[in-house]
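If you count by our numbering, then the sequence shown holds residues 430 to 950, one letter each, in order.
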Amino acid sequence: MLEKYAADNGFENILFLSDDGCSGTNFNRPAWKELMKMVENDEVATIIVKDMSRLGRDYLLVGQYTEMIFPSYGVRFIAVNNNVDSLYGDNDFTPFVNLFNDFYAKDTSRKIRAVVKSKAERGERVATRAPYGYKKDENNPKSRIVPDEDAAPIVQRIFNLCVGGKGPTQIAKQLKNEQVYTPGYYYYSKTGVLLTNVDVTRPYDWNSRSVADILEDEVYLGHTISLKYTTVSYKNKKRIKRPESEQLRFENTHEPLVTKETWDIVQDIRKRKRRRANMAEQDMFSGLVRCIDCGEKMVLHRAHAMAAVKNNFICSTYRKRGKEKCSAHYLREVHLAAIVLDDLLRVTHFARQQEALFIQYINRKNNAETRREIERLQRELELMRRRDTELSTLFKRLYEDNVLGRVTNEQFRLLSGDYNAEQKSLKERIPHTAERIEELQASISNVTRFIDKAKRYTEINELSGELLNVFIEKIEIGERAERYSRTAEQQIVIHYRDIGVVGAFAEEAEKIAEQRQRQTA
């Protein structure tokens, strides 16, 4: 159509530009930017479009271009179907056409959002692409995803590297050195579709953010999280993350790529937010060692490379704020490693060799104290919920009293401010307390998971970051009974993942065995 119009009206030296698949509300379109660069270089005499909506659907920007920018560069503008030609002056109806096009874009955006939300609420997938590590199911491409045989092992390896003690930056560097395609380039190699910000000249350019996104995405646990992101408006396509309360979560919708155990370990590691070591050698205890008195992290002080045996942990509070706030809790790394390895061998051997006795011992030790803590938190949660309801009632009565003149505006402002502050605090504490109760309830029956791990890791000869992250939740270091004495006792408490503090179980195990013998006698 445009070619015929140009030929019929004597236009020559024609160049066609189009932005297929781009929204008209977006003026960062590739072809549009190319056109404007030509306009600024005085390389364009006339611009012809099919109608005003082909120029754009933002009536303010369209008006700015047609009424100010194009005339300032001496560019003639023609919209064929709208009978617009700047050579013959302004068309009084054009602003209304632009406004209607803008309204059409807004209405279309609203309808699309409604459709997407409806699909998401039904638990259907709304993403147009499968996440890295998955591909669309050939039998049901619109609703189901299945593991991608090429990319899924890469995702699993990323999780395993994290469990082994590597951070996102180190993992990204390793993948880059091994020339593993980035997710964006991998998609391009499979489909031929080039995504935004994908540089085809750098196919292995992994970055820490890409790795971190994979490590934090519940899709690899087999869950679907919909409506995670939205845009500022139908004109501004910048993506912003929705609050978790507005996201939709559906569990077990597809095959997971990682186990719940691996996922939990990785999320625990991610929460530590540990800093990268300055030296090439990674601290395998990173984020695990804490001061038993102040609760802060113990930091590793590295000695000269030739004297690594002298590497030692000290309390970060002591290091930053001095002995007035906490003591050093000094402990050499090699001594800690020997103690932890010895205890890990002891506990895993007991778990493998005397499984039934181990289960009974752990349950007897943990269940009583855990249940007491659950009951305490449940009482606290009930009080908080009751107070939250009371505050809503009080605020309603206060508002009515203010309207009826029983309470002055100043009194209303002061009291309502106090009520709002208290209720806001409760709204934040209630979900955290409920989450903690769920965690404690789940921890009661995790002894079998620990035994499964003990059976998998039978050849333990030396410590590694992987072993520590798999088996240990945290290690607490106490101060020596006599400070600065190398022979004085020093308390070290090891909290095992899934089962907590094991302690010296020999005597307790004997009691359990004796009790069992009496019951069977």
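C-beta atoms are modelled at their ideal positions from N, C-alpha and C, and glycine is treated no differently.
**Asked** Do you know whose CA, among Cys720, Leu855, Tyr886, lies nearest Val776's CA?
**Response** Tyr886
**Message:** Counting C-beta neighbours from all protein chains within 10 Å, is the total for His758 16 or more, i.e. buried, or is it exposed?
**Reply:** buried
**Asked** When we look at the beta-carbon of Gly594 and count the other beta-carbons within 10 Å, is it buried (16 or more) or exposed?
**Response** buried
**Asked** In or out: Glu891 buried (at least 16 other Cβ within 10 Å) or exposed?
**Response** exposed
**Message:** Just verifying my parser: in three-state terms, what is the DSSP assignment at Met713?
**Reply:** coil
**Entirely enclosed beta strand (DSSP E) segments - the stretch 478–513, minimum 3 residues** = 505–508
**Message:** Helix, strand or coil, according to DSSP, for Arg678 in the structure here?
**Reply:** strand
**Request:** Take Arg926 as the anchor and find which of Leu820, Ala559, Glu895 has the nearest alpha-carbon.
**Result:** Glu895
**Assigned secondary structure, Met708 (DSSP; H/G/I helix, E/B strand, else coil)** = With a pLDDT of only 44 at Met708, under 50, the local geometry of the prediction cannot be trusted, and no value is derived from it.
**Prompt:** Is the stretch 602–618 touching the stretch 628–638, taking contact as three or more C-beta pairs under 8 Å?
**Reply:** yes
**Request:** Go to Phe588, then tell me how far its beta strand (DSSP E) extends in each direction, as first and last residue.
**Result:** Not the beta strand (DSSP E): Phe588 falls in the alpha helix (DSSP H), residues 581–592.
**Asked** Between Asp579 and Arg573, is the Cβ-Cβ spacing less than 8 Å?
**Response** no
**Asked** With 16 other CB atoms within 10 Å as the buried threshold, where does Asp471 fall?
**Response** exposed
**Request:** Please confirm if the stretch 858–867 is in contact with the stretch 829–843, defined as three or more CB-CB distances below 8 Å between the two stretches.
**Result:** no
**Leu686 versus Cys720, Glu857, Gly651, Arg671, residue with shortest Cα-Cα distance** = Gly651
**Prompt:** Relative to the C-alpha of Val575, which residue among Arg505, Glu463, Tyr649 is closest?
**Reply:** Tyr649
**Prompt:** Is Val584 closer than 8 Å to Tyr617 when the C-beta atoms are compared?
**Reply:** no
**Prompt:** Quick one, which of Asn795, Tyr828, Phe841 has its alpha-carbon nearest Val931's?
**Reply:** Asn795
**Prompt:** Does the Cβ of Glu804 have 16 or more other Cβ atoms within 10 Å, making it buried, or fewer, making it exposed?
**Reply:** exposed
**Message:** Would Leu1001 and Arg826 be called neighbours here (beta carbons separated by less than 8 Å)?
**Reply:** A query on residue 1001 cannot be resolved here, the shown segment of the chain reaching from 430 to 950 and no further.
**Request:** Can you have a look at Thr818 and say buried or exposed, based on whether 16 or more other CB atoms are within 10 angstroms of its CB?
**Result:** exposed
**Request:** Indicate whether the contact test is met: 3 or more Cβ pairs, each with one atom in the stretch 667–684 and one in the stretch 610–629, closer than 8 Å.
**Result:** no
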